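Reading the sequence shown from the start, the letters are residues 1 to 470 in UniProt numbering. Glycine included, each C-beta is placed from N, C-alpha and C at the ideal position. Everything numeric in this text was worked out from a predicted model, so none of it was measured.
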Amino acid sequence: MSSLSRQQFVRKKELEEARKAGQAPAEVDEHGRDINPHIPKYIASAPWYLDKGVPSLKHQKKLDSHNDDENGDGSSKKMPGVIEVPSFLKKRGKAQIVNHAMTYRKGSCRNCGSMDHKTSDCMERPRRRGAHLTGEEIAADREVHDLNAKVSYDAKRDRWAAYTPSMYREKVVQRHERIEKERKKHREKEMRERLLKGTNAEANTDGTTASEDLKQRDETIFGMGADSRTRTNSKNLRIREDIPKYLRNLDTDTHYDAKTRSMRENPNPDVPLDQLDYAGDNAYRTTGEYREWLDTQKFAWELAEKGQRINTAALPSQVEKLHKQLKERKKKHLEQHKADLIKKYGGEEHFKKPKQLAATQETEYYAEYSRSSGKIIGGHKKLMQKSKFDEDEFINGHTSVFGSFWKDGKWGFACCQCTNKLAKCPLSEEDGVLENGSGMKRKREDTAVTAGEIGEPDAKRTRTNAEASE
């Protein structure tokens with residue numbers, strides 16, 4: 001639109017005010033119809049790509065696919081309420097070729113020679129010499145779809161528009177029939193080969209093969225037609241003996257997400273973990289290979305801190321391989337260090353397991369388990385393994401074992417709080433000790449102290465005193 005002078009702009013504003021006041025006739029569009037002067041300017045003015053230079057409200061209406069559908073006054077010739085499906089919705093597959101010319105035509109694309117687009121909109125490869133110069137290899141004219149056709153929102157986006165049962169028969173049913181026919185041929189071929197070889201291992205007494213029995217077994221699973229080839233599965237199936245998550249705890253404070261069927265927290269936090277059958281979904285997420293994955297993630301972080309570029313999300317196999325190689329090198333280094341120590345100091349015989357201990361270390365025991373919870377309800381329970389050290393043996397007159405007292409980082413005897421393992425108990429006497437604060441003395445067996453228990457120097461000193469007395 002050309003720019004207006006000041007006088008023309010003032011005159012235009014006065015005319016608009018007069019039309020609104022009814023003092024001047026209303027503006028008329030291209031079809032001779034009056035335009036309401038009270039319509040705002042942003043509605044009455046057409047966009048730059050639809051502006052025809054004349055006042056009109058046609059840009060506010062959906063355009064028809066063909067001009068022949070309108071009368072002279074702009075009204076449609078079609079019956080009211082009837083919406084026809086455009087041709088491009090009826091056709092499926094590739095674009096429809098309307099005409100394929102052999103020579104260049106005036107007004108067509110100068111690059112490919114097609115009439116359905118302009119030269120600036122051509123999507124073919126730019127030629128060194130266009131079709132308007134050579135007159136050869138003229139592209140075909142394809143049907144241009146009118147996106148302004150009068151169709152509803154759903155009809156324009158209907159994926160199954162003009163889809164007929166014959167299409168389903170041709171594309172789906174016949175395809176599966178051909179597959180089943182080829183499968184039968186392959187099965188007959190296998191039967192003939194087995195008969196020629198003289199082996200009938202897979203054939204059953206009723207004449208059905210093992211694969212047919214497997215298919216029949218899959219069809220009877222939970223009363224549904226499950227096929228091992230299609231891998232059908234249902235999320236709703238569960239063993240009815242299992243207690244649902246939302247019935248583990250009937251308290252209203254327990255959170256259960258019905259949409260994802262998940263209960264992340266422990267529904268019974270007051271029950272010990274060893275007595276729980278279900279501790280929440282989060283308790284099982286840290287099991288299995290989660291610890292190994294966490295170690296691999298830490299290994300990747302350590303490599304990133306050292307400056308090596310590595311990404312666990314983009315290259316998980318590479319990170320796992322590097323971590324595995326590092327663990328193998330560390331294991332070999334420890335084994336080599338152990339071998340060097342044994343070679344230097346000896347003691348390899350102590351690493352070998354005794355045959356008697358290996359034979360009696362693990363034994364079988366009978367136990368009865370509950371069907372619902374899986375806990376032991378009867379039979380022999382597992383006994384605790386005894387220590388390899390001697391138990392309940394008192395030495396040097398002590399009335400408690402060594403290790404029953406602890407102070408300042410040292411172990412000792414609880415009876416006298418002595419931290420020297422080879423020392424005698426100071427509370428004991430030569431013949432007996434006082435008991436319960438009474439004057440009675442109880443006799444105690446003399447503790448025989450050998451040379452090995454008191455040490456070699458003490459044994460030599462004892463023999464010297466005996467020789468002197470003689």
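(request) Output the distance between the C-alpha atoms of residue 172 and residue 280, rounded to the nearest integer angstrom. (result) Between residue 172 and residue 280, the C-alpha separation is close to 45 Å.
(request) Starting from the C-beta of residue 320, find all residues in its chain whose C-beta is less than 7 Å away, skip the five residues before and the five after it, and write them out in chain order. (result) 296
(message) Spatial neighbours of residue 397 within its chain, please: C-beta separation below 6 Å, excluding the five flanking residues on both sides.
(response) 424, 425, 428, 447
(request) Please check the pair residue 102 and residue 138, which I expect to be a contact at CB under 8 Å, by giving their CB distance rounded to whole angstroms. (result) At roughly 6 Å, the Cβ-Cβ gap stays under 8 Å, so residue 102 and residue 138 are in contact.
(request) To the nearest angstrom, report how far apart residue 11 and residue 52 are at their CA atoms. (result) 23 Å
(request) Tell me residue 482's beta-bridge partners as DSSP assigns them. (result) As shown, the chain starts at 1 and ends at 470. That puts residue 482 outside it, with no answer to give.
(request) Along the alpha helix (DSSP H) that carries residue 301, what are the first and last residues, could you check? (result) 290–305 is the span of the alpha helix (DSSP H), which, as asked, contains residue 301.
(message) In this structure, how does DSSP classify residue 223 when only helix, strand and coil are distinguished?
(response) In this prediction, residue 223 scores a pLDDT of 46, lower than 50, which makes its location untrustworthy; the coordinate-derived value is nonetheless stated afterwards. Note: residue 223 maps to helix in three-state DSSP.
(message) Quick check: the Cα distance between residue 49 and residue 160, rounded to an integer number of angstroms?
(response) 33 Å
(request) Can you give me the Cβ contacts of residue 224 inside the same chain, cut-off strictly under 6 Å, excluding the 5 residues immediately before and after it? (result) Below a pLDDT of 50, predicted positions are generally treated as unreliable, and residue 224, at 48, falls in that range; the measurement from the model is reported next regardless. Hits under 6 Å: none found.
(message) On a Cα-Cα basis, can you pick out the residue from 59, 245, 283 that is closest to residue 260?
(response) Nearest of 59, 245, 283 to residue 260, Cα basis: 245.
(message) Measuring straight from C-alpha to C-alpha, what distance separates residue 328 and residue 344?
(response) Cα to Cα, residue 328 sits roughly 24 Å from residue 344.
(message) Do residue 27 and residue 19 count as a contact pair if the criterion is CB distance below 8 Å?
(response) Taking the C-beta atoms as reference points, residue 27 is found nearer than 8 Å to residue 19.
(message) Taking the alpha helix (DSSP H) that residue 265 belongs to, which residues open and close that run?
(response) Neither: residue 265 is in no alpha helix (DSSP H) and is coded neither H nor E.
(message) Just to confirm the assignment, what range does the beta strand (DSSP E) spanning residue 24 have?
(response) Looking at the DSSP string, residue 24 is not in any beta strand (DSSP E), and its letter there is neither H nor E.
(message) So if DSSP puts residue 28 in a beta bridge, which residue, or which two residues, is it bridged to?
(response) 34
(request) Go ahead and pull the three-state DSSP assignment for residue 313. (result) coil
(request) Would you list, in sequence order, the uninterrupted alpha helix (DSSP H) runs of no fewer than 4 residues that lie entirely inside the region 119–173? (result) Considered as a whole, the region 119–173 harbours 131–134, 153–156, 165–168 as its complete alpha helix (DSSP H) runs of no fewer than 4 residues, in chain order.
(message) Excluding the 5 residues flanking residue 6 on each side, which residues of the same chain have their C-beta closer than 6 Å to its C-beta?
(response) none
(request) Check the C-beta distance from residue 99 over to residue 130 and give it rounded, since I have them as a contact under 8 Å. (result) The pair is not a contact, with the Cβ atoms about 19 Å apart (cut-off 8 Å).
(request) Can you give me the start and stop residues for the alpha helix (DSSP H) that residue 106 sits inside? (result) Careful: residue 106 lies outside any alpha helix (DSSP H) and carries neither H nor E.
(message) Can you look up residue 376 in the DSSP assignment and give me helix, strand or coil?
(response) In the displayed model, residue 376 falls within a strand according to three-state DSSP.
(request) Could you name the residues that DSSP lists as bridge partners for residue 550? (result) Only positions 1 to 470 of the chain appear in this structure, which leaves residue 550 out of reach.
(request) Within its chain, find whatever has a CB closer than 6 Å to the CB of residue 135; leave out the 5 residues flanking it on each side and keep chain order. (result) Cβ within range, chain order: 103, 104.
(request) Please say whether residue 60 and residue 35 have beta carbons closer to each other than 8 Å? (result) no
(message) How far does the alpha helix (DSSP H) with residue 284 in it extend, from its first residue to its last?
(response) 281–285
(request) Please report how far the alpha carbon of residue 300 lies from the alpha carbon of residue 282, in whole angstroms. (result) The C-alpha of residue 282 is placed about 24 Å away from the C-alpha of residue 300.
(message) Taking 8 Å as the threshold (C-beta atoms), are residue 255 and residue 241 in contact?
(response) no
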